[in-house]
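Read the structure below first, then the notes.
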Amino acid sequence: MRRLRFIAQKEFYHVLRDARSLTIVLAMPMIMTFLYGYAINLDTENIVISVIDYDKTSESRNLADRLYNSTYFSMPKTKVDNLDPECALRSGRTQAVLIIKPGFAKALHTGEPFSLGLIIDGSDNNVSAAIQNYASILLQRFLTERLDPHVRLPVVKISPQVLYNPDLQSSHFFVPALVAIILLMVSALLTSVTISREKETGTIEQLLTAPVKPIEILLGKILPYVVIALIDGIIVLIFAKIVFGVPFVGSHLLLLGFGLIYISTSLSIGILISSLVKTQQVAMMFTAITTLLPSVMLSGFIFAIKNMPVALQLLSYIIPARYFVTIIRGIMLKGAGLHVLAGQGLILLLLMTIAVFIASRKFSTKVG
Amino acid sequence: MWRAFVGLVKKEFIQILRDPNMLRLIFMMPLIQLILFGYVVNTEVKRIALDVYDFDRSYLSREFVNSMRAGNYFVPSRSEVSLRDLEERFKDGSGEMALVIPQDFSEKLVKGDQVTVGLVADGSNSNSALVGQGYAAQIAQKFSRQQANLSPPVEIRQQVLYNPEAESVYFMVPGIVAALLTMLSVMLTSMAIVRERERGTLEQLLVTPISTITLLVGKITPFAILGLFEMVFVLMVGVLWFGIPFVGSPVLLFALSAVYLLAALGIGMFFSTVTTTQQQAMFFAWFFSIFALLTSGFFTPIANMPQWLQYITYLNPMRYFLSIVRGIMMKGAGFFDLLPDITAQTVFAIVIFSFSALRFTKR
């Protein structure tokens, strides 16, 4: 225990001595929360659409106004050439072109079938799906309002009710999950370079000849970073509350407990990587590619896991962030309790044990 | 001069490639990015888990539930649980939306009355809740029209250009080219220079008869070559494996990538002048990469961001490069189509690179 404390103390000095690194480690979560919270917004709005109106009637102008008055669409900065709409799409000045052929108003009055042309820049498949969806919603609304009010129709109306996030703020969804990503980033990146740094500077031999067990070295190296990560987590949570107004419905204590488990799991993975590679540069690249990137992509932080191919869905089960994202969203937004989330916590513990086990094996075989 | 330069580049290459892990990483990095970005980035809301609480249990209500399947937006499940458990299903994440059909659903519909159906959404995922409501309203309208035997008089006939199959891989691969060039050059360059400083070998290099500028160019040339190599590798995997179309001119893309590389290497060099340890350099580089990715329109369109953040994106060189790569590869855009982006990127590259080179030679 005493030896463990010395290793931890030494590691603490390493961290505190380097003021610049420490500042980065503490400032990074704030800037990241700010950036992520605002930059990631999946509500596609303000799509630039151009209307080429050959009909030139009050009805066709009405339809165009209907598009621009919604939050979905906005006008292009420069008017699109009627002869070559594709040029505007190619240079990205507009994302869609609606073409109203002559005869639109007449067809509305006579009830003849009529079709509007819509050319869409499909390069971003998500935006192009949104354009198709919004355009047909707005057209339907336009047509419904033109129906004779005296005709009684059997109508199914939907009355929506939203739980947990009634204002549908997208930051409430992303910011809690951001805690998972930032904790991982800080813990995995910091620890992954600690052992490789000792290898690079040649101090690892000194450490190994000292009368401490490999597992003590590993645990001693982890401890200081638990503290740092915890501080970072709290910073992000305070930011979530003050800047984004994210509610905290569930138990703080429960989140702290799960948070500690998650931090330890992330740190063990950093240590595992550190024990496998020789230089800091490789350690960092390795962490970025095998840990950080998959966590951002496969944890359900931004992209829904159920929409992924099956192979990647299976892979997501070994990503610790996946479980913590579920846990923190459950606790903060829905007030989920221990009995709902216990399973997720157990899996995190299991992943941690595996990582520590492999790391200490790798580490001790290097000694002998 | 030339011999010194070649020697320096050789030394740097040996240093990068002698670590087998590094070699593996160089090939793994683009492959993992291709798989993750190509298959995962899909923000379309589909297959929403819809719990159905049908209190009517009639032919019409079943018909209505069935119509919710259209377009693969909802996956309705007939739930036998009582309404009291509705929230439990939301809390553990197994349900996303619930449809509550009242007892008098078919009775009212047959009479030609208006009937209201309840739709409860787990709002924690705001986007899916919002889009799901829109889908449900659209489907309900269509269902109503069918019941009344009305056909819609005006239709939209759409034509999707450039990526008609709506493959997200097609959209992401050009982005990965930009992301790889950014991450690789900024991270590796900054760390490589700082490593020499950390180990004290930079002084040795500086006292050799090599001029500072040769030293600098020799130091970053390997990373430029590596970056372009990675780019070609990604493009080949993209075209041969994922079958993405490459519409525009490869020569133009290559030339503009070289310009962008200048900017990325310049940023890496700048970080190396403001840091003293590899760990610091790594954090700077990592942080910059995230900033560049987030504000370039790589994940989500810039138009979705708040206005003040949209102004900040103009300071991100990757923003311009991303629209250049996407424009050339997907739309076959030419030099003049992309002129504003090309101008901005070139100015950026020249300013950043010369600023950093000056800073470096002064130290």
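Read top to bottom, the protein sequences are chains A and B.
In case it helps, the working numbering puts the first sequence at residues -18 to 349.
In case it helps, the working numbering puts the second sequence at residues 29 to 391.
Note that CB positions come from ideal geometry on N, CA and C, so glycine has one too.
Nearest CB-CB separation between D150 of chain B and chain A: below the 9 Å threshold. Here DSSP, grouped into helix, strand and coil, assigns P192 of chain A to coil. Sequence-distant partners of V258 of chain A (beyond 5 residues in either direction) whose C-beta falls short of 7 Å from its own C-beta, in its chain, are S177, A264 and F267. Under the Cβ distance rule, L314 of chain A counts among the residues neighbouring chain B, one pair being separated by less than 9 Å. In terms of CA proximity to I244 of chain A, A:A169 leads the group A:S109, A:V174, A:D34 and A:A169. Counting along the chain, S280 of chain A sits inside no alpha helix (DSSP H), nor does DSSP assign it H or E at all. Put simply, the CB of Y81 of chain B is far from chain A, with every gap to its CB atoms at 9 Å or more.
Less than 9 Å separates the beta-carbon of T328 of chain B from that of T71 of chain B. In terms of CA proximity to R342 of chain A, A:K194 leads the group A:K194, A:F54, A:M13 and A:E(-8). In the structure shown, I101 of chain A falls within a strand segment according to DSSP collapsed to helix, strand and coil. Residue pairing of I81 of chain A in beta bridges, as defined by DSSP: A:D34. L274 of chain A sits away from A302 of chain A, with the two beta carbons spaced by 9 Å or more.
Assigned with DSSP and collapsed to three states, I300 of chain A falls in coil, not helix or strand. Within the stretch 294 to 309 of chain A, T307 place their CB atoms closer than 8 Å to a CB of chain B, listed in sequence order. At least 9 Å separates the CB of E197 of chain A from every CB of chain B.
In its own chain, leaving out the 5 sequence neighbours on each side, no residue places its CB closer than 7 Å to the CB of A165 of chain B. The beta carbons of V287 of chain B and T374 of chain B sit about 6 Å from each other, so the pair counts as a contact at 8 Å. The C-beta distance from I80 of chain A to I33 of chain A rounds to 5 Å, short enough to fall under 8 Å. In summary, the residues of the stretch 142 to 158 of chain A whose CB is separated from some CB of chain B by less than 7 Å are Q142, V143, L144, Y145, N146, P147, L149, Q150, S151, H153 and F154, in the order they occur in the chain. Across the structure, S256 of chain A and L330 of chain A are spaced so that their CA atoms are roughly 20 Å apart.
In terms of Cα proximity to S55 of chain A, the closest of A:L200, A:A77, A:R42 and A:S39 is A:A77. Shown here, D65 of chain A sits in coil according to DSSP, grouped into three states, outside any helix or strand. Of all alpha-carbon atoms in B:M346, B:Q187 and B:F251, the one lying nearest the alpha-carbon of I330 of chain B is that of B:M346. Annotation: T389 of chain B to F282 of chain B spans about 29 Å, alpha carbon to alpha carbon. In the structure shown, Y53 of chain A adopts coil according to DSSP, grouped into three states.
A direct Cα-Cα distance of roughly 9 Å separates G99 of chain B from Y163 of chain B. For Y342 of chain B, the three-state secondary structure derived from DSSP is coil. Interface annotation for the stretch 330 to 341 of chain B against chain A: A331, N332, M333, P334 and L337, criterion Cβ-Cβ distance under 7 Å.
Counting along the chain, V80 of chain B sits inside the beta strand (DSSP E) bounded by residues I76 to D82. Selection B:M219, B:E116 and B:P278 evaluated against P202 of chain B yields B:P278 as nearest (Cα-Cα).
With a cut-off of 8 Å on Cβ pairs, the stretch 122 to 133 of chain B is in contact with the stretch 72 to 80 of chain B, counting three or more such pairs. Excluding five sequence positions before and after L293 of chain A, the CB atoms of its chain that fall closer than 8 Å to its own CB belong to L279, given in chain order. Distance check between R74 of chain A and each of B:I378, B:L386, B:A361 and B:A385 places B:A361 closest, using alpha-carbon atoms only.
Within the stretch 181 to 228 of chain A, the complete alpha helix (DSSP H) segments of 4 residues or longer fall at 185 to 190 and 195 to 223, listed in chain order. With fewer than 16 neighbouring CB atoms inside 10 Å of its own CB, S140 of chain A falls in the exposed class. Listed in chain order, the non-local C-beta contacts of K74 of chain B below 7 Å within the same chain comprise N100 and Y101, local neighbours out to five positions each way being set aside.
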